[in-house]
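Undergrad: The numbering of the sequence shown is UniProt numbering, which starts it at 1 and goes up by one.
Note that CB positions come from ideal geometry on N, CA and C, so glycine has one too.
These numbers were taken from a predicted model, which means no experiment stands behind them.
Here it is, the structure in full.
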Amino acid sequence: MACLKLQAIHEARLFEEERRLQGQDSGIAKDIADEIVSFSHTVLKDVGRLEALYEKVIQFCFTRYVGAPWVKEGDDSMALKDTRAALESAFPISGLRSLFGLTPRERFRHLEELSCIVLGIRIFNSLVGGGTALCLPDPKNLLTLHSPDLPLSIEQEIEEGEKQIQELVKILLHSPVLLAKAGSETAEQDLALISAQHIYMTQLNAYRRALLTAFLHTRHHLKEAVSECMSEIVGVGEELNSQPCTSRDDVFPKFSRIAVSYRKAFQENEKLCSLNCLVAFLASLAGEHTLDVASNVESACRRVHGIFASVGQGDQEECRGVRSAENAEKERDDNEVERPDGEPPREFDGKFELGGNCAWCLAKYAALVPADRSIAAISYGGDAYAFSTLRGAKEFAQHPDRLLSDIRQQIRRQPALIHLLNLDRLYPRSSLRNILKLQRNIATRLKQETPRFGKDTATADQLFLLLHEPRNADAAVMTPVHFETLERDTSYHWNEWELRRRALKVADILNRTTRSSQTKSSHCRMEQETQVYPLKEKEQNTMKSKGTSAIRTKKYITGLRGKTNTKAETVKVELDP
């Protein structure tokens, strides 16, 4: 648990420092740049709008580096005054007309380059003595801010840690004999405590080495950036002194390089300050752990040494002769590992499993022993495993599955080995990197969705489940030829000859020329169809080809008028057209 706590706290602090370094750029400058780029050409016709646009450019050049490491609180007014003077000398208001002749992307690049030139002019005037309102810090002073003794102290801590690790490894390598002679529960607990301390010290030393390497590289980059910045400043000064009238095309790129190197120097200085904080934080964690478990580990080591002293002389020789017997076996089998003259030994390139440690020692003794470079690695299951002894290599070659099962058992007992040996892909659920990444994603998503969710805890819990990392696994999958579905597709054809016939038919249609085409739907048809206008409105339309109508009935009154015996009658007439 101590090693897991160390890993979680250190990785979280490391992420916070990286996020702090990345968040120095001002987001306000990007918004101003987008506003400048979105201006139209009509602004050139209005003097007031043109002056307002020029003020926007000044604000962009000022806010572009407002979060820079060299900017202090209370310098805004003087920095804005310097920025205005530098911009007016490099880019007058009349230059805005050339800005609108570029594409939006080129405008943004032009603004970025302009901000670098303005910063370079300010740096040059400040360091050379151009009478600016604000004096920017000298980058040469950055080299004196960090103690040169810090790498030496880290190296000493690493050496002391290695000595402790070697002592713990010796005890773990002799653990089977000790348990066989004194197989008590106390001895098992002592060995478990020693194993946990061994893993903790190995992880602590790994963090120390990483910080030492990063510190040395960053300090080297800082020296290069400061040297480049000062050489550019001296070069510009000599050119301006020798040639009073210098072309802008010649001097502006140099001002831009001054700004880039100046900013890089301060960024590297910020990284060094962050590394100093990480080193101090790691030292405090190690100190707290030492106060908590140092006495218990020392007591366990004394008890183990007491057990070792109580066994017989022959058993002591057996314990001490583990490595000597393996070395003798290695000498007897030199023909198996002997390499041709002049061929260099195998170099560990980071592609070995278990971080380049011996797989056999980890499986048998739960000890992290660096592998021997002269012993060839064994590839199994697509992974390469290295070994520190020939005995371990031979046993792994004979029973690889058994040793890998023992390694998995050791990892279950000590989950901190997952992060220490970079086994995240094999244990995605227990990976510390995946857990921390998931927590950061959940925190970011909840912060974004809190206004919408409100106090709805059920929705928040559902969001927590949805944000889990997808877990993928390699597997061989083969789909069936015909899927059995409830709703069958009648247009599906499995016969390849039928599909070929359809394809040839479509190809033949596409090659034909359509004549007298009236609509898009009839353009690709083989047989032309007759198109007519719709029928006129009538009383009744039927499906017959001839026109029909209903029978009409009429009534007439008959009889001659003027006669005596005349009787009127009604005659009904049906007209069927």
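Pairs of beta-carbons, one from the stretch 219 to 234 and one from the stretch 259 to 270, closer than 8 angstroms: are there three or more?
TA: Yes, since at least three Cβ pairs between the stretch 219 to 234 and the stretch 259 to 270 fall closer than 8 angstroms, the two stretches touch.
Undergrad: On the three-state DSSP scale, how would you describe Val369?
TA: Coil, per DSSP.
Undergrad: Just how far apart, CA to CA, sit Glu17 and Phe215?
TA: If you take the alpha carbons of Glu17 and Phe215, they lie about 14 angstroms apart.
Undergrad: Can you give, in chain order, each stretch of the beta strand (DSSP E) that sits fully within the stretch 141 to 196 and has at least 3 residues?
TA: DSSP runs (the beta strand (DSSP E)) wholly in the stretch 141 to 196: none.
Undergrad: Closest by CA to His110, which one among Gly120, Leu99, Leu119?
TA: Measuring from the Cα of His110, the nearest candidate turns out to be Leu99.
Undergrad: Tell whether a beta-carbon distance below 9 angstroms holds between Val57 and Phe91.
TA: A contact, by the Cβ cut-off of 9 angstroms.
Undergrad: Beta carbon of Leu96, beta carbon of Tyr54: below 9 angstroms?
TA: Yes; because the gap between Cβ atoms is below 9 angstroms, this pair is in contact.
Undergrad: Using the beta-carbon count (16 or more within 10 Å), is Gln409 buried or exposed?
TA: With fewer than 16 Cβ atoms within 10 Å of its Cβ, Gln409 is classed as exposed.
Undergrad: Excluding the five sequence neighbours on either side, which residues of its own chain have a C-beta within less than 6 angstroms of the C-beta of Asp372, listed in chain order?
TA: Taken in chain order, the residues that qualify are Ser388.
Undergrad: Could you give the DSSP three-state label for Gln316: helix, strand or coil?
TA: Only weak support exists for where Gln316 lies, its pLDDT of 47 falling under 50; the value from the coordinates is given anyway. Three-state DSSP puts Gln316 in a helix.
Undergrad: Pair every Cβ in the stretch 379 to 398 with every Cβ in the stretch 354 to 367, then say whether three or more of these pairs are closer than 8 angstroms.
TA: Yes, since at least three Cβ pairs between the stretch 379 to 398 and the stretch 354 to 367 fall closer than 8 angstroms, the two stretches touch.
Undergrad: Pick out whichever of Ala79, Leu142, Arg105, Val297 has its Cα sitting closest to the Cα of Ile121.
TA: Among Ala79, Leu142, Arg105, Val297, the Cα nearest to that of Ile121 is on Ala79.
Undergrad: Can you tell me whether Met478 is buried or exposed, with buried defined as 16 or more other CB within 10 angstroms of its CB?
TA: It counts as exposed.
Undergrad: Using only the alpha-carbon positions, how far apart do Arg64 and Met201 sit?
TA: When rounded, the distance between both Cα atoms is 44 angstroms.
Undergrad: Might you give, ordered along the chain, the residues of its own chain that have their beta carbon closer than 7 angstroms to the beta carbon of Arg332, omitting 5 neighbours on each side?
TA: Below a pLDDT of 50, predicted positions are generally treated as unreliable, and Arg332, at 45, falls in that range; no measurement from the model is reported.
Undergrad: Do you know offhand how far Gly356's Cα is from Cys273's?
TA: Cα-Cα distance, rounded: 32 angstroms.
Undergrad: Do you know how far the Cα of Ala196 is from the Cα of Arg320?
TA: For Arg320, the predicted structure reports a pLDDT of 47, less than 50, and the residue's modelled location is therefore unreliable. A value from the coordinates is still provided. Rounded to the nearest angstrom, the two C-alpha atoms are 23 angstroms apart.
Undergrad: Output the distance between the C-alpha atoms of Lys140 and Glu159, rounded to the nearest integer angstrom.
TA: Their backbone Cα atoms lie some 33 angstroms apart in a straight line.
Undergrad: Kindly indicate which three-state DSSP category Cys245 falls into: helix, strand or coil?
TA: Note: Cys245 maps to coil in three-state DSSP.
Undergrad: Should Leu222 be labelled buried (16 or more other beta-carbon atoms within 10 Å of its own) or exposed?
TA: By the 10 Å Cβ count, Leu222 comes out buried.
Undergrad: Under 9 angstroms between the Cβ atoms of Gly559 and Lys567?
TA: Result yes, Cβ atoms of Gly559 and Lys567 sit closer than 9 angstroms.
Undergrad: In whole angstroms, what separates the C-alpha of Asn434 from that of Pro415?
TA: Cα to Cα, Asn434 sits roughly 14 angstroms from Pro415.
Undergrad: Using only the alpha-carbon positions, how far apart do Asp249 and Val43 sit?
TA: Rounded to whole angstroms, Asp249 to Val43 spans 27 angstroms at the Cα level.
Undergrad: Looking at the structure shown, is Tyr492 part of a helix, part of a strand, or coil, going by DSSP?
TA: In this structure, Tyr492 counts as coil in the three-state DSSP scheme.
Undergrad: Check this for me: beta carbons of Lys254 and Glu270, under 9 angstroms apart or not?
TA: No, they are not a contact pair.
Undergrad: So, with DSSP's three-state summary, where would you put Asn335?
TA: Annotation note: pLDDT 39 at Asn335 (below 50); position unreliable, coordinate value reported separately. Note: Asn335 maps to helix in three-state DSSP.
Undergrad: Measuring only the C-alpha atoms, how far is Lys264 from Leu191?
TA: If you take the alpha carbons of Lys264 and Leu191, they lie about 50 angstroms apart.
Undergrad: Under the rule that 16 or more other beta-carbon atoms within 10 Å means buried, what is Thr218, buried or exposed?
TA: The residue is buried, with at least 16 neighbouring Cβ atoms inside 10 Å.
Undergrad: Just the C-alpha distance for Glu51 and Phe266, rounded to the nearest angstrom, thanks.
TA: If I take the Cα positions, the gap works out to 34 angstroms.
Undergrad: Can you give the Cα-Cα distance for Asp292 and Ser431, rounded to whole angstroms?
TA: Those two C-alpha atoms are separated by around 26 angstroms.
Undergrad: How should Asn296 be labelled, buried or exposed, when 16 other C-beta atoms within 10 angstroms of its C-beta is the threshold for buried?
TA: Classification for Asn296: exposed.
Undergrad: List the residues that DSSP assigns as beta-bridge partners of Phe352.
TA: Ala384, per the DSSP bridge assignment.
Undergrad: Can you tell me where the alpha helix (DSSP H) with Lys5 in it begins and where it stops?
TA: Segment 2 to 22, the alpha helix (DSSP H) holding Lys5.
Undergrad: Taking the alpha-carbon positions, what's the Ile93 to Ile123 distance?
TA: Straight-line Cα distance between these residues: approximately 22 angstroms.
Undergrad: Return the bridge partner residues of Cys358 from the DSSP annotation.
TA: Looking at the DSSP assignment, Cys358 forms a beta bridge with Ala386.
Undergrad: Less than 8 angstroms between C-beta atoms, sequence neighbours within five positions excluded: which residues of the same chain meet that for Cys116?
TA: Cβ within range, chain order: Phe255, Ser256, Ala259, Val260.
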